[in-house]
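K.L.:
Offset between the sequence shown (1-based) and our numbering: plus 1266.
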Amino acid sequence: MVVIDFFCAVFIFLIAVAIGRKIFKWLKWEFNSPAENNLFSLGIGLLVLAYGTYGLGVCGFLYKMVFYPVFLILTFFLFPEIKQIIMEIKNFISEWNYSDLNAESKILIILLLTVAVANFFFSYAPPVGEDGLNHYLFHSMRFVRQHYIAVDLDFDFTQFFPLLIQMLYAIGMLIKGVMVAKLIVYFLGISIACGVYFLTKQLIGKRFSLLAVAVYYTMPQVTGLSGVTRIYFGQVFYTLLTAWALLNYRKNNYARKDFYLAAVMSGAAFSVKYQGLSAIAAGFILIFFWQVFRRRISPDQVAKELIIFFLISFSLWIPWLVRNYFATGSPFYPLYLSKALPFGETAMLLNKLLTASPLQRLIRLLLIPRDLPYGGLINGSGPMLLAFMPLLLFVKNVSREIKILFSFSVLILIVTGAAISISLNGLWLYFAPVYLFFAIITAYAIIRISETQKKTVRVFLYTAVLLALIFPNSVLSYYFGFKRLPFFLGRQTAEEYIQEECPPEMEINFIKFCNKNLPKEATLLNISSLAVQAAPYYQMKIIPAKREQIGLEEPDEILEFLNNKKIDYVVFQKRVYSHNKDGSFTNTAMPFFKFNWFKNKIFMKHFQLMYSEKDKVYLYKLIK
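(1) Is P1810 helix, strand or coil when you go by DSSP?
(2) Please report the straight-line C-alpha distance between G1595 and L1587, rounded to a whole angstrom.
(3) If we count Cβ pairs, one from each stretch, closer than 8 Å, do we get three or more for the stretch 1673 to 1681 versus the stretch 1532 to 1550?
(4) What does the alpha-carbon distance come out to for the pair V1488 and L1825?
(5) Is F1503 near S1457, with beta carbons less than 8 Å apart?
(6) Rounded to whole angstroms, what's the CA-CA distance from L1603 to V1324? Just pull it up for me.
(7) In the DSSP assignment, find the alpha helix (DSSP H) that holds T1508 and state where it starts and stops.
(8) Please list, in chain order, all residues of the same chain as V1314 whose beta carbon is under 6 Å from its beta carbon, the five residues on each side excluded.
(9) With a threshold of 16 other CB atoms inside 10 Å of the CB of I1774, please say whether the residue is buried or exposed.
(10) To the nearest angstrom, report how far apart G1549 and F1672 are at their CA atoms.
(11) Answer yes or no: do A1529 and S1579 have a C-beta to C-beta separation smaller than 8 Å?
(12) Here's a check: name, in chain order, each residue in its chain whose Cβ is nearer than 8 Å to the Cβ of N1590, leaving out the five neighbours to either side.
(13) Kindly indicate the opening and closing residues of the alpha helix (DSSP H) around Y1483.
(14) Skipping 5 residues on each side, what residues in its chain have a beta carbon closer than 6 Å to that of V1837?
(15) Taking 6 Å as the limit between beta carbons, can you name the residues of its chain near F1609, skipping five residues before and five after?
(16) Within 8 Å, do at least three Cβ pairs link the stretch 1857 to 1871 to the stretch 1760 to 1770?
(17) Taking only runs of the beta strand (DSSP E) that begin and end inside the stretch 1292 to 1356, which ones reach a length of at least 3 residues, in chain order?
(18) Does the distance from the C-beta atom of H1413 to that of Y1329 stay below 8 Å?
(19) Output the distance between the C-alpha atoms of F1277 and L1755, rounded to the nearest integer angstrom.
(20) Less than 7 Å between C-beta atoms, sequence neighbours within five positions excluded: which residues of the same chain meet that for A1282?
(21) Where does the unbroken beta strand (DSSP E) through L1790 begin, and where does it stop?
(22) Can you grab the Cα-Cα spacing for the pair L1465 / S1475, in whole Å?
(23) Alpha carbon to alpha carbon, what distance is there between I1668 and L1512?
(24) For F1861, which residues of its own chain have a beta-carbon under 7 Å away from its beta-carbon, when the five flanking residues on both sides are left out?
(25) Label T1854 either buried or exposed according to how many other C-beta atoms from any shown protein chain fall within 10 Å of its C-beta, with 16 as the threshold for buried.
(26) Would R1287 and E1347 be called neighbours here (beta carbons separated by less than 8 Å)?
(27) Alpha helix (DSSP H) containing F1576: first to last residue?
(28) Applying the criterion that 16 or more other CB atoms from any shown protein chain within 10 Å of the CB defines a buried residue, is L1607 buried or exposed?
(29) Could you tell me which of F1864, P1565, K1782, E1717 sits nearest to V1661, measuring between CA atoms?
(30) Reducing DSSP to helix, strand and coil, say where Y1599 ends up.
(31) How should K1605 be labelled, buried or exposed, when 16 other C-beta atoms within 10 angstroms of its C-beta is the threshold for buried?
(32) Under a Cβ-count criterion, where at least 16 other Cβ atoms within 10 Å of its own Cβ denotes burial, should V1269 be classed as buried or exposed?
(33) Let me make sure I understand the geometry here. Which of W1362, V1481, K1778, W1863 has the alpha-carbon closest to that of A1705?
(34) So what's Q1874 in DSSP terms, helix, strand or just coil?
(35) I need the DSSP call for E1897, collapsed to helix, strand or coil.
(36) So what's F1697 in DSSP terms, helix, strand or just coil?
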């Protein structure tokens, strides 16, 4: 099973690279190296696969019997490209002369390989992460189950954004299953690591490349993202390709190919997650600067270039906007507030609850040097960036590429920080691409400084770096990875693993009861907050109740709503509600979620209790 899932995920990535290479051949675009060609081809190929899946999904063709022939045909036509890709990878590995490497390089390679293995174990386990289950993985699974892609207003706001990475998850599920979808996350992480290595080697210097990828790939944040089905790796990957294209654009005398690649890749980053807009904005500003102050072209030409960049970047949103328009009558539904979660009136209330004051935002800005490394146990970078990146101040003749990467990173920080007015846990995940570029800059600073020092100082510096890469970086990866070994080795079932790893609020015992005792065609209404915890594990349809629905008080209105939605069962997550004197309940985290149905004791005759865990969760059957 593991081997099959592994090769299915590898197969999807090989097909994507082959598609991209074929497109670049048709365009007659040449690259500086096979690695650069393959990584940009992967970026283009994943876009083709994602939007192809979207097209098939809109037409109602999300069936295994459709995808198997499609991938079989792709394999047949792309076989020469696939063979060439495999040969290039084989040649790259065989060209490494490990005996000639110094001790530091050997240790870095060992660290990278062991962390990659640990991250694989972490990734190859049933999904239990809250965001992945409730949002990112859920919609992919919903589309696959119903065999088509459509807006369902009963579900949360995340479905209205572009779902680029979620389309790749859907491919994994259709080809084999949810474990392949999880491995897509893992291989995106590996692809990013390869991108860091080859970008650094090609544009900054070979001697910096191995340390750069070690600093990045051993970060706690990367470990955390490797094991859950979030979408941040997609944003990081396309932001990396955007920066690479911009570096080539400056280096290659403003070549059109690199301009178009930067526009497409930044648009792809935006289509993964809306914080990817920062890649478009940063690229826009850098191109403007180069056109005005380096090329000194006319204002009309500058405006033309920027408009083209803008149109290409935002064109990747068009299919999703068209879908929203036909489903709701508005392409931008339900974006009522630019800086709030798009959830109608709830957005306004949530925005008011979570928005940081100007003073808080200023403090957050001033604390960036501290928060960037220590953005939580698995959201930061460990001690590396804070300890070593400031050394760049003492480096003379810093390369132009490092300056561009630093400028690009700072622009992303500013744009993202300005766009986010709310204060949320895990906020630093929104800045995930910045960690990558700072890792490259950190590696550059460490090596440049060490080259000017005596041997004893150099040994001390490298020892400190290696210790930082091991504690806590690599050790955290080993912990999260090897903790999953019992499942990987077959000594723990998926059910046992889920029971052990899921947090209490996901109510796994309750889910097991529902799947065993309720009909699959039933519809459940979940009274909790914005989303349903562990929604993909329910075999039947379960929808989150909205604020205005649970706020109803008149029995006739409540029954009319339940009948119109064809609700069969009501789930009340008492765990997240407090009881009020008037018989109502208030959500402890979001006080504007007020549940009024049970204020009327006579109305309770319409609800038959079927399951309960005191003060945790209650299941009622609707008696009509």
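Ideal Cβ placement from N, Cα and C applies to all residues, glycine included. Note that this is a predicted model, so its numbers are computed, not measured.
P.N.:
Let me lay it out:
(1) Of the three classes helix, strand and coil, the one that applies to P1810 here is strand, per DSSP.
(2) Straight-line measurement puts the Cα of L1587 at about 10 Å from the Cα of G1595.
(3) Output reads yes: the stretch 1532 to 1550 touches the stretch 1673 to 1681.
(4) Going from the Cα of V1488 to the Cα of L1825 covers about 48 Å.
(5) Their beta carbons are under 8 Å apart, which means F1503 touches S1457 by this criterion.
(6) Bear in mind that a pLDDT of 39 at L1603, under 50, signals an unreliable position, so the model cannot answer this.
(7) Segment 1498 to 1517, the alpha helix (DSSP H) holding T1508.
(8) In its chain, beyond the 5 residues on either side, I1285 have a beta carbon closer than 6 Å to the beta carbon of V1314.
(9) Classification for I1774: buried.
(10) If I take the Cα positions, the gap works out to 13 Å.
(11) The Cβ atoms of A1529 and S1579 sit closer than 8 Å to each other.
(12) Cβ contact annotation for N1590 (same chain, cutoff 8 Å, sequence separation greater than five): V1417, F1426, S1596, P1597, F1598, Y1599, in chain order.
(13) Membership of Y1483 in the alpha helix (DSSP H) is indicated by the continuous run 1472 to 1483.
(14) In chain order, L1790, N1792, L1885 place their CB closer than 6 Å to the CB of V1837, counting only its own chain and leaving out the 5 sequence neighbours on each side.
(15) For F1609, the pLDDT reaches just 47, beneath the cut-off of 50, and the residue's location in the model is therefore unreliable, although a value from the coordinates is still provided. Within the same chain, F1609 has close Cβ partners F1423.
(16) In short, these stretches do not touch, since the Cβ pair count stays below three.
(17) Qualifying beta strand (DSSP E) stretches: none in this window.
(18) Contact flag set, yes.
(19) Going from the Cα of F1277 to the Cα of L1755 covers about 23 Å.
(20) Excluding positions up to five away in sequence, the list reads L1308, G1311, L1312, L1315.
(21) In the DSSP annotation of this structure, the continuous segment of the beta strand (DSSP E) that includes L1790 starts and ends at 1789 to 1793.
(22) C-alpha separation (whole angstroms): 8 Å.
(23) Those two C-alpha atoms are separated by around 12 Å.
(24) Setting aside the 5 residues that flank it on each side, F1861 is surrounded in the same chain by I1793, I1816, Y1843, S1850, F1851, each with a C-beta closer than 7 Å to its C-beta; the list follows chain order.
(25) Here T1854 is exposed, its C-beta having fewer than 16 other C-beta atoms within 10 Å.
(26) Taking 8 Å as the Cβ cut-off, R1287 and E1347 qualify as a contacting pair.
(27) Residues 1565 to 1581.
(28) Any reading at L1607 needs caution, since the residue's pLDDT is 42, under 50, leaving its predicted position unreliable; the model's value is listed next. Buried, since its Cβ has 16 or more Cβ neighbours within 10 Å.
(29) Measuring C-alpha to C-alpha distances from V1661 to each of F1864, P1565, K1782, E1717 identifies E1717 as the nearest.
(30) Here Y1599 sits in coil by DSSP.
(31) In this prediction, K1605 scores a pLDDT of 42, lower than 50, which makes its location untrustworthy; no coordinate-derived value is stated.
(32) Result: exposed.
(33) Selected option, being the one with the closest Cα: V1481.
(34) Looking at Q1874 - three-state DSSP - the assignment turns out to be strand.
(35) Look at the range of the chain in this structure, 1267 to 1890, and you will see that residue 1897 is not part of it.
(36) The answer is helix: DSSP assigns F1697 an H, G or I state.
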